């Protein structure tokens, strides 16, 4: 089956490089969910675009090639949600039955490296501002054992209204010296897809311009004092620029469209100013 969830390509490379030795088919396979397990719940965070339907691929595999095909079935277990809330002191609500659908049975073949089961989540059936969880576990593994550490995937949403997948367009203007001198070295436009993910204390993380691969991120959220929208630099940015030079020229969030606009400036360690302007809209 073709694997369409690009989020797990790197995970698959790691797992597939150390499993399913064709010389070891006499060993008993165990089934597991590659992107499952309570420790990996961040990977199971559901980020919506502007579309009503989100598709998340549950990826199933076994530790060795099967000697014969096996019928594998999965299902929802709300008891696991309650247990998760108790263990991790969270307050996820049960996802309504009309908010999701998936094929609950597949046939794992003797030569397949992995199988994917698309889970469809319908945003219109969820209430904004509520965190939901959908634990999916093995119901049957065709007579084989399921790995206890990766037999469940805890799909969940965030109650953070900023979370989602955004299209970002912007411009970086690199000056020689101060921007006030209008001596522009380079003007660089960028267009990217960005995931805005929840973080600590009701804040979210968002890649800064096109410098996310360098660890540069905004910390964004709403002030507890007056609910105003803010954007701050993370420690990677602060440690990479001239101390005290980061300034937020403008930061706006439209609660209706979820559009975000941020304009900032900073000076690099050589004292050259940079002005970054970007607009983000839900995909």
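Residue numbers (the working numbering): 8 to 290. The beta-carbon is built from N, C-alpha and C at its ideal position, and this holds for glycine as well. Since the structure is predicted, the reported quantities are computational estimates derived from the model, not experimental observations.
Taking C-beta atoms as the reference points, residue 241 and residue 205 fail to come closer than 8 angstroms. Beta-bridge pairing by DSSP links residue 259 to 268.
About 5 angstroms separates the beta carbon of residue 63 from that of residue 126, a gap short enough to meet the 8 angstroms contact definition.
Residue state for residue 117 is assigned as coil, using DSSP reduced to three classes. Annotation: residue 262 to residue 116 spans about 48 angstroms, alpha carbon to alpha carbon. In this structure, residue 106 sits away from residue 87, with a CB-CB distance that is not shorter than 8 angstroms.
Bounds of any beta strand (DSSP E) do not take in residue 246; it lies within the alpha helix (DSSP H) bounded by 242 to 247. The beta carbon of residue 201 is closer than 7 angstroms to those of 173, 175, 213, 214 and 287 in its chain, skipping five residues each way along the sequence. With 16 or more neighbouring CB atoms inside 10 Å of its own CB, residue 274 falls in the buried class.
Just so you know, the alpha carbons of residue 35 and residue 118 end up roughly 15 angstroms apart.
Inter-segment contact for the stretch 132 to 146 and the stretch 78 to 93 is present: three or more beta-carbon pairs are separated by less than 8 angstroms. In terms of Cβ geometry, residue 160 and residue 40 form a close pair [threshold 8 angstroms]. Its chain contains 169, 170, 171, 173, 211 and 213 as the residues whose beta carbon lies nearer than 7 angstroms to that of residue 203, once the 5 sequence neighbours on both sides are disregarded; these appear in chain order. Counting along the chain, residue 106 sits inside no beta strand (DSSP E), nor does DSSP assign it H or E at all.
It is roughly 51 angstroms from the alpha-carbon of residue 265 to the alpha-carbon of residue 74. In this structure, DSSP gives residue 187 a helical state, which the three-state scheme calls helix.
Secondary structure at residue 232: coil, using DSSP grouped into helix, strand and coil.
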